[in-house]
Amino acid sequence: MFTRSSTPELPVEVCERIIDNASIGTAKRCSQVCHSWLPRSRVIIFETVSLNSSSMASKLISLLSRSPSIGYYVCVLRISGPSESRRWLHDVVHTLPPLLPNVHTLSLYELPHLDLDFYTSVSQFTKVKSLELVLLRVHSIRELIQIVNGFENLRNLHIHSRHISSLDIHPNDNIRSHKLEAFKLLGYRQNQLDRFFNWIVESNSFQSLSTLDLNIDGYTGKLNRLLHESSKTLQSLRFKFVMNGSIVFKKLPALTTFHALRFLSLKLYSASNGVSVILPKLAQGVPESFELLQLRYECRIGDLLREDSQGEWLAFDQFLSSLNLSKPPSLEIECVSGIPGIDPDTLEDGEEDDLGCIAEGVGQKQQEENVKNELVGLDRDGLFRRHLPNMYERGLSWFIIGWGTRSYLVSPTEPEKWRSRATGSFPFF
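Okay, so the sequence shown: first residue is 5 according to the numbering used here, each after it adds one.
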């Protein structure tokens with residue numbers, strides 16, 4: 005039996021490095037094992053705090069009153085509360101800013117209509133550099149401008165909102181200029197885009213922009229202006245057009261415009277017939293700075309067998325195989341359903357989780373097996389090799405998605421070997 009003196013202790017730095025890579029659950033257990041591990045464990049345990057009810061808010065405030073030092077560990081704060089009283093939301097944002105002095109990422113999710121006093125209090129988190137506004141209910145774009153204006157040190161801005169009652173912007177509205185490095189916009193439709201991008205462009209916040217991620221339904225000339233003004237600094241560009249992708253992409257600047265671009269990700273839809281338009285546009289010139297090109301093509305399993313789809317496959321194959329990039333191009337096929345007739349875009353919120361079980365009583369495991377069999381059958385018939393001869397030889401990989409929160413990574417060269425992967429871990433979109 006080893007004695008305490010004969011067993012050398014690990015250096016503190018080694019222990020801390022191990023804890024830094026631990027999950028929250030493991031970090032909690034570490035904090036209960038050794039007192040010297042407690043400070044580093046708290047860094048993991050309290051780094052991200054999520055509040056979605058008055059009871060959770062009360063527990064946090066009570067904890068901070070007993071142990072104020074814990075507040076210094078909190079770096080990411082997420083607040084949501086669509087269904088409860090608004091009073092606790094106001095109490096939280098009035099109380100927490102001085103107790104959580106190191107919050108640098110603030111996420112506001114599904115909040116009801118709140119007065120500007122709430123957002124004025126939220127902006128007292130003065131170190132916030134990353135702001136996420138997701139499905140907030142705001143009265144107007146003017147109000148949205150005022151919310152964003154409250155944060156002086158913004159570098160990353162993510163806006164996803166479909167609940168804007170008024171699109172009015174007054175010419176005399178004060179628009180703060182931010183030095184944004186990353187901007188993500190989701191969910192805006194055509195009638196909102198002109199006004200929204202007018203605000204975005206007039207704010208002159210994109211002189212240092214390096215990452216732009218757009219998931220929008222429509223197009224506006226202001227978007228072109230934004231792209232031109234950030235063309236010298238953009239390194240990562242991601243597009244997902246909900247509809248009319250080919251029409252929108254026609255109007256975008258050529259890739260040669262973006263001198264620093266290293267990563268491009270596009271999501272295309274078989275229903276939009278945009279491949280024949282988009283690929284030639286891409287082929288006009290890929291900057292030498294490119295490191296990775298990713299195309300995601302959404303279709304149904306049955307679409308892979310359509311005779312009129314063969315031209316699209318050939319276009320993909322010729323385009324991707326002609327590129328001379330430092331990393332091989334990636335083509336990912338996202339199958340929205342293994343069973344024809346189910347379109348996730350038509351489902352109500354929350355129904356996506358039941359996607360594998362809602363059609364004809366087919367259970368999740370059975371549907372997974374059906375999709376796997378279809379893909380193995382397609383490969384046995386030589387479909388991949390016929391349609392993608394060049395990419396087949398380069399080990400093209402796919403993401404197959406068709407049921408709620410599960411997905412599978414599969415290679416056409418070995419379709420029988422499936423590797424499970426959670427959709428939440430996707431690096432793109």
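C-beta atoms are modelled at their ideal positions from N, C-alpha and C, and glycine is treated no differently.
Check: As an exercise, report each continuous alpha helix (DSSP H) stretch of at least 4 residues that is fully enclosed by the stretch 181 to 220, in chain order.; Outcome: 194 to 206
Check: Would DSSP call residue 4 helix, strand or coil?; Outcome: The requested residue 4 does not occur in the structure, where the chain is confined to residues 5 to 433.
Check: Near residue 434, which residues of its chain fall below 8 Å by C-beta distance, leaving aside the five closest residues on each side in sequence?; Outcome: In this structure the chain extends from 5 to 433, so residue 434 is not present and cannot be described.
Check: How many Å lie between residue 458 and residue 321 at the Cα?; Outcome: The structure shown does not extend to residue 458, since the chain spans only 5 to 433, so no value can be given for it.
Check: What first and last residue would you give for the alpha helix (DSSP H) that runs through residue 111?; Outcome: Not the alpha helix (DSSP H): residue 111 falls in the beta strand (DSSP E), residues 109 to 113.
Check: Could you tell me the distance, in whole angstroms, from the CA atom of residue 191 to the CA atom of residue 68?; Outcome: 37 Å
Check: I'd like to check one pair, residue 188 with residue 151: are the Cβ atoms closer than 9 Å?; Outcome: no
Check: Does DSSP put residue 133 in a helix, in a strand, or in coil?; Outcome: coil
Check: If we ignore side chains and look at the alpha-carbon of each, how far apart do residue 79 and residue 134 end up?; Outcome: 11 Å
Check: With DSSP collapsed to three states, give me the class of residue 159.; Outcome: coil
Check: Can you tell me whether DSSP reads residue 237 as helix, strand or coil?; Outcome: coil
Check: What does the alpha-carbon distance come out to for the pair residue 37 and residue 229?; Outcome: 57 Å
Check: Check the C-beta distance from residue 241 over to residue 213 and give it rounded, since I have them as a contact under 8 Å.; Outcome: Their Cβ separation, rounded to whole angstroms, is 10 Å, which puts residue 241 and residue 213 out of contact at 8 Å.
Check: Could you pull out every residue in the same chain whose Cβ sits closer than 8 Å to the Cβ of residue 185, ignoring the five residues on either side in sequence?; Outcome: 159, 160, 212, 213, 214 and 215
Check: Who are residue 37's beta bridge partners in DSSP?; Outcome: Partner(s): none; residue 37 has no beta bridge.
Check: Mind checking whether the beta-carbon of residue 162 lies closer than 8 Å to any heavy atom of the ligand FMN?; Outcome: This structure lacks the ligand FMN, and indeed carries no ligand of any kind.
Check: Of the choices 108, 203 and 61, whose alpha-carbon is the least far from that of residue 99?; Outcome: 61
Check: In three-state DSSP terms, what is residue 146?; Outcome: helix
Check: Hey, could you find the ends of the beta strand (DSSP E) residue 55 is sitting in?; Outcome: 52 to 55
Check: Over what stretch of residues does the alpha helix (DSSP H) that includes residue 101 continue unbroken?; Outcome: Careful: residue 101 lies outside any alpha helix (DSSP H) and carries neither H nor E.
Check: Got a sec? Which residues, its chain only, sit under 7 Å from residue 26 by beta carbon, not counting five neighbours each side?; Outcome: 34 and 48
Check: Starting from residue 125 and walking both ways along the alpha helix (DSSP H), at which residues does that stretch end?; Outcome: 120 to 126
Check: I believe residue 209 touches residue 182 by the beta-carbon criterion, under 8 Å. Please report the beta-carbon distance rounded to the nearest angstrom.; Outcome: 4 Å
Check: For residue 286, which of helix, strand or coil comes out of DSSP?; Outcome: helix
Check: Does the distance from the CB of residue 125 to the CB of residue 148 come in under 9 Å?; Outcome: no
Check: Please say whether residue 146 and residue 115 have beta carbons closer to each other than 9 Å?; Outcome: no
Check: In the structure shown, what three-state DSSP assignment does residue 269 receive?; Outcome: strand
Check: Below 6 Å CB to CB, which residues in the same chain sit around residue 92 once its five sequence neighbours on both sides are set aside?; Outcome: 58 and 61
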